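Reviewing the structure listed below.
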Amino acid sequence: MRIGYGYDVHRLCPGRPLILGGVEVPFEKGLDGHSDADVLIHALMDALLGAAALGDIGGIFPDSDPQYKGISSLELLSRVYIRISELGLKVWNLDCTIVAQAPILSPHIPDMKEKIMEVLHMPADRVNIKATTEERLGFTGAGEGMAAHAVVLLHESSDG
Ligand code: MG
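Structure follows, in structure tokens:
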């Protein structure tokens, strides 16, 4: 078994769609970034890469590379899945937390979960996504940005 942890932050700005867990969430602002700035998927990818000792997403998908501009983070997640699979590793379970003051995310979490299950070929009972506020404290509380944390457990698969 290998454990991995990921953390990411993106700034909120007007004029961008809010993409979280591969789902477009209706909101007055979106996350700023080179890709679609999906903070949840970025934290999850860093957790997966960390568990596999593959570094981080900045090393694998550098944001100086124009091919990643505006790219779907779910697409990047599928590439991370391939990298991990090539090492004979599978995801046992994952648990993620989105930190955001607004909007209310609970209605969208089942859709996010569905997207992640599909890309990582995982059953529903091993994928957990949750959201919290920070009680109006700090940058997430002020609505300046969103953060996400992720932990994963990988295991070596006997079937490759
Ligand atoms: Mg990021």
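Using my numbering, count along the sequence shown one by one with no gaps and you end on 163.
Idealized CB from N, CA, C, for every residue including glycine.
Quick caveat: nothing in here was measured; it's all calculated off a predicted structure.
Rounded C-beta distance between GLY25 and LYS118? I'm assuming under 8 Å.
4 Å
Alpha carbons only, please: which of SER76, LEU57 and PRO126 is nearest the one belonging to ILE6?
LEU57
Let me check you understand the geometry: is the CB of ASP11 closer than 6 Å to at least one non-hydrogen atom of the ligand MG?
yes
Can you round the beta-carbon distance between LEU43 and ILE101 to whole angstroms, since I take them to be within the 8 Å contact cut?
5 Å
From LEU21 to LEU97, what does the alpha carbon distance come to, in whole angstroms?
22 Å
7 Å Cβ shell around LYS93 - same chain, five flanking residues per side excluded
LEU157, HIS158 and SER160
Contact between the segment 11 to 19 and the segment 37 to 52 (3+ Cβ pairs under 8 Å):
yes
Take VAL154 as the anchor and find which of MET4, HIS37, LEU51 and GLY36 has the nearest alpha-carbon.
LEU51
Let me know if ASP128 comes out buried or exposed under the rule of 16 or more other beta-carbons within 10 Å of its beta-carbon.
exposed
Do VAL122 and SER81 have their beta-carbon atoms positioned less than 7 Å apart in this structure?
yes
Kindly indicate the opening and closing residues of the beta strand (DSSP E) around HIS158.
148 to 159
Quick check on the burial criterion: 16 or more other C-beta atoms within 10 angstroms. Buried or exposed for HIS124?
exposed
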